[in-house]
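K.L.:
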Ligand SMILES: NC(=O)c1ccc[n+]([C@@H]2O[C@H](COP(=O)([O-])OP(=O)(O)OC[C@H]3O[C@@H](n4cnc5c(N)ncnc54)[C@H](OP(=O)(O)O)[C@@H]3O)[C@@H](O)[C@H]2O)c1
């Protein structure tokens, strides 16, 4: 095809992708071509741009691991229907959604209910499914337990606060800066990371869900009671974590990884339910919207911990 189509092209790891025109990509059998309406800008995408993630594409490549758009051509999806794309190596091993057009394997394409906000459709799954996995599948939170959530105004953290509260937990939401206190969803008690203590949380925690890592994880872990659980989700504040084995054994806290990539398939139905609840407004996911030519600003806000909720490209 010769029609022009814009794409953010990553030419070198560690430098920002550049907006260029290219032909609309060709589709093979078993693939879907879509006109992208929205694409998420997430930490995973920035790790790919930096070249620090465990799976990386050959360059040049288009980043963007999650997108939503209208089907242009497909063997399995109705032309004109709204779909979301995630998985199948999209944005990791093959071109992703930071472009006007995207070709994705059919098994990475999921129909989206009519009337869904495309910005929600491209961005809800990672925070909502990760929160659900952390609270239910990994930490197995029970009613009445005290749950501390770090990064509680972030996308995953804010969703985790809501999912844990619905599970009947008493939730304490920890944020790094005063401006974020007001963005911790109710009914959680909001606490500044600098003020973190057993007194501030109202007693030892049964469960910690950490979305921040680094020094925040080091400060929050001692708040968990013996035989409690710590579910580790993210590492925006630092990916290194040192364990003193003597302290670790004495503390007797189970440190558990949350891995959305390995759990995605089992969470498809949960994802559909959570999308419906976000669309109905019973779960809240704030979204900051950017144009494709605003990449630098989106990255600056995300890397600086300034985004409240999800950052999303809206394409016209
Ligand atoms: N394990 C998984 O499968 C999985 C799935 C989804 C996401 N994640 C990871 O989970 C983490 C959180 O994702 P998210 O979408 O919730 O991100 P987010 O919305 O940007 O929230 C991250 C929070 O981390 C805090 N933070 C502290 N230092 C920071 C720094 N240097 N840069 C940016 N933020 C910083 C910020 O809160 P304060 O200002 O309150 O400190 C920010 O709100 C990321 O590392 C992401 O890669 C993991």
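Residue numbers (the working numbering): 2 to 317. All C-beta atoms, glycine included, are put in the ideal place defined by N, C-alpha and C.
#1: When you compare the CB positions of residue 121 and residue 286, do they come within less than 9 Å of one another, or not?
#2: In chain order, what are the residue ranges of uninterrupted alpha helix (DSSP H) at least 4 long that sit wholly in the segment 162-230?
#3: Please state whether the Cβ-Cβ distance between residue 229 and residue 255 is less than 9 Å.
#4: Is residue 29 near ligand 1, judged by its Cβ being under 8 Å from some heavy atom?
#5: Per the contact definition of three or more C-beta pairs closer than 8 Å, is the segment 163-170 in contact with the segment 240-251?
#6: According to DSSP, is residue 2 part of a helix, a strand, or is it coil?
#7: Across which residues does DSSP place residue 83 in a beta bridge pair?
#8: Output needed for residue 405: all residues of its chain with C-beta closer than 8 Å, excluding positions within five of it in sequence on either side, in chain order.
#9: Return the chain-ordered list of same chain residues with a C-beta closer than 7 Å to the C-beta of residue 72, the five sequence neighbours on each side being excluded.
#10: Given this structure, state the Cα-to-Cα distance separating residue 56 from residue 93, to the nearest angstrom.
#11: With hydrogens ignored, establish whether the beta-carbon of residue 167 is closer than 8 Å to any heavy atom of ligand 1.
#12: Quick one, which of 141, 28, 66, 178 has its alpha-carbon nearest residue 154's?
#13: Does the Cβ of residue 296 lie closer than 8 Å to at least one heavy atom of ligand 1?
#14: Out of 316, 7, 307, which has the shortest C-alpha to C-alpha gap to residue 325?
#15: Assuming residue 31 contacts residue 118 (C-beta within less than 8 Å), just tell me the rounded distance between them.
#16: Should residue 102 go down as buried or exposed, given a rule of 16 or more other Cβ atoms within 10 Å for buried?
#17: Within 8 Å: the Cβ of residue 260 and any heavy atom of ligand 1?
#18: Who are the near neighbours of residue 190 in its chain, counting only those whose CB is closer than 6 Å to its CB and skipping five residues on each side?
#19: Given a threshold of 16 other Cβ atoms within 10 Å of its Cβ, counted over all protein chains shown, does residue 373 qualify as buried or as exposed?
#20: Is it the case that the CB of residue 105 approaches a heavy atom of ligand 1 more closely than 8 Å?
#21: Is any heavy atom of ligand 1 found at a distance shorter than 8 Å from the C-beta of residue 285?
#22: Do the CB positions of residue 135 and residue 37 come within less than 9 Å of each other?
P.N.:
Result, derived from the coordinates:
#1: For the purposes of this step, residue 121 is taken as the residue at position 120 of the chain shown. For the purposes of this step, residue 286 is taken as the residue at position 285 of the chain shown. Yes, they are a contact pair.
#2: 199-202, 215-221
#3: Taking the chain shown and counting its residues from 1, one reaches residue 229 at position 228. Taking the chain shown and counting its residues from 1, one reaches residue 255 at position 254. Yes, Cβ-Cβ distance for residue 229 and residue 255 is below 9 Å.
#4: Taking the chain shown and counting its residues from 1, one reaches residue 29 at position 28. False, no ligand heavy atom lies under 8 Å from that Cβ.
#5: no
#6: The sequence position of residue 2 within the chain shown is 1, counting from 1. Any reading at residue 2 must be qualified, since the residue scores a pLDDT of 43, below 50, and its modelled position is unreliable; the value itself is stated next. Coil at residue 2, not helix or strand.
#7: On the chain shown, position 82 is the one that residue 83 refers to. Answer is 71.
#8: Within the shown structure, residues of the chain are numbered from 2 to 317, placing residue 405 beyond reach of any answer.
#9: Here residue 72 is taken as the residue at index 71 of the chain shown, counted from 1. The residues are 33, 35, 78, 79, 80, 81, 82, 84.
#10: Numbered from 1 along the chain shown, position 55 holds the residue referred to as residue 56. Numbered from 1 along the chain shown, position 92 holds the residue referred to as residue 93. One C-alpha to the other measures close to 6 Å.
#11: Along the chain shown, read from residue 1 onward, the residue named residue 167 stands at position 166. No, ligand 1 has no heavy atom inside 8 Å of this Cβ.
#12: Taking the chain shown and counting its residues from 1, one reaches residue 154 at position 153. Answer by Cα proximity: 178.
#13: Counting from 1 along the chain shown, the entry for residue 296 is found at position 295. Checking every heavy atom of ligand 1 against the Cβ of residue 296, none is found closer than 8 Å.
#14: The question about residue 325 has no answer here: the residues shown for the chain are numbered 2 through 317.
#15: What you label residue 31 is simply residue 30 of the chain shown in a count that begins at 1. What you label residue 118 is simply residue 117 of the chain shown in a count that begins at 1. That belief does not hold up - the Cβ atoms of residue 31 and residue 118 are roughly 29 Å apart, past 8 Å.
#16: Sequence index remark: in the chain shown, residue 102 carries index 101 (1-based). With 16 or more other Cβ atoms within 10 Å, it is buried.
#17: Locating residue 260 in the chain shown gives position 259, counting from the first residue. Yes, Cβ of residue 260 sits closer than 8 Å to a heavy atom of ligand 1.
#18: Taking the chain shown and counting its residues from 1, the one referred to as residue 190 is at position 189. The residues are 173.
#19: Residue 373 lies beyond the stretch modelled for the chain, which goes from 2 to 317, so this question has no answer here.
#20: Mapped onto the chain shown, residue 105 falls at position 104. No, the Cβ of residue 105 stays beyond 8 Å of every heavy atom of ligand 1.
#21: Counting from 1 along the chain shown, the entry for residue 285 is found at position 284. Incorrect: residue 285 has no Cβ contact closer than 8 Å to ligand 1.
#22: For the purposes of this step, residue 135 is taken as the residue at position 134 of the chain shown. For the purposes of this step, residue 37 is taken as the residue at position 36 of the chain shown. No, Cβ-Cβ distance for residue 135 and residue 37 is not below 9 Å.
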